[in-house]
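Asks: One structure, as structure tokens, below. Some questions next.
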Amino acid sequence: MNPPGDKKSLYSALSSMTTGIYILTTSCEDIINGMIVSWATQISYEPPLVLVAVHPKRYTHGLILKSRSFALNILSTEQKYLVSRFKAPEINNRFSGIKWRKGKTGSPILNECIAFLDCRLVDTYEPGNHTLFIGEIIDGDINSNEKPLSNIEYGKSYLGNT
Ligand SMILES: Cc1cc2nc3c(=O)[nH]c(=O)nc-3n(C[C@H](O)[C@H](O)[C@H](O)COP(=O)(O)O)c2cc1C
Numbered sequence: 167m168n169p170p171g172d173k174k175s176l177y178s179a180l181s182s183m184t185t186g187i188y189i190l191t192t193s194c195e196d197i198i199n200g201m202i203v204s205w206a207t208q209i210s211y212e213p214p215l216v217l218v219a220v221h222p223k224r225y226t227h228g229l230i231l232k233s234r235s236f237a238l239n240i241l242s243t244e245q246k247y248l249v250s251r252f253k254a255p256e257i258n259n260r261f262s263g264i265k266w267r268k269g270k271t272g273s274p275i276l277n278e279c280i281a282f283l284d285c286r287l288v289d290t291y292e293p294g295n296h297t298l299f300i301g302e303i304i305d306g307d308i309n310s311n312e313k314p315l316s317n318i319e320y321g322k323s324y325l326g327n328t
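When you line the sequence shown up against my numbering, it's residues 167 to 328, in that order.
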């Protein structure tokens with residue numbers, strides 16, 4: 167038993183939370199980018215709002231602030247292979263060989279994701295080391311009934327300490 171408040175216990179407890187694994191995309195002028203995120207969730211039904219937490223050092227962070235929009239692409243358990251590509255620091259080949267189109271906000275929507283949520287940025291908060299981007303969903307749809315990818319299938323949890 168670790169002492170109360172022990173950091174190791176706290177991080178073990180956090181890593182036992184279930185979280186989804188998504189590709190967060192955005193576009194700004196002629197630049198597009200996508201990155202893996204786990205810290206994303208619905209926070210309102212009316213209006214339909216989602217929240218995503220992005221570390222300020224991510225390239226995507228500045229692009230979202232400029233474009234005021236983003237899309238969450240929901241991956242299936244069969245698309246684990248996309249995680250290594252969209253989490254790696256190398257950004258040039260992230261979209262190679264992947265079919266995508268621009269959504270209503272201009273953010274890339276991956277044809278093979280199981281569902282997408284296309285959002286316009288309505289608010290930002292900086293309560294800790296990640297910026298909370300709150301987006302109003304202006305378009306969204308489902309493409310397949312495959313099982314969504316989570317940290318359980320991926321085998322690791324994002325704790326935000328990177
Ligand atoms: C499973 C997993 C979940 C992640 N979740 C987040 C997240 O919620 N927020 C974040 O800022 N970074 C997260 N990352 C890290 C980014 O995906 C990674 O730093 C990426 O290279 C950022 O890309 P960019 O700098 O091109 O925007 C996660 C990484 C992994 C492997």
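Quick reminder that beta carbons are idealized off the backbone N, C-alpha and C, glycines included.
1. For Ala-219, does the three-state DSSP call read helix, strand or coil?
2. Use the C-beta contact count for Ala-254: other C-beta atoms within 10 angstroms, 16 or more gives buried, fewer gives exposed.
3. Is Met-183 near ligand 1, in the sense that its beta carbon is under 6 Å from a heavy atom of that ligand?
4. Closest by CA to Ala-237, which one among Cys-194, Cys-285 and Ala-219?
5. How long is the line joining the alpha carbons of Ile-198 and Ile-189, rounded to whole angstroms?
6. What I want to know is whether the C-beta of Arg-251 ends up closer than 6 Å to one or more non-hydrogen atoms of ligand 1.
Replies: Once the coordinates are examined:
1. The three-state reading of DSSP puts Ala-219 in strand, counting E and B together.
2. Ala-254 is exposed by the Cβ-count criterion.
3. Set against 6 Å, the gap from the CB of Met-183 to the closest heavy atom of ligand 1 is not smaller.
4. Considering only alpha carbons, the answer is Cys-285.
5. Annotation: Ile-198 to Ile-189 spans about 13 Å, alpha carbon to alpha carbon.
6. Annotation for Arg-251 indicates a beta carbon at 6 Å or more from all heavy atoms of ligand 1.
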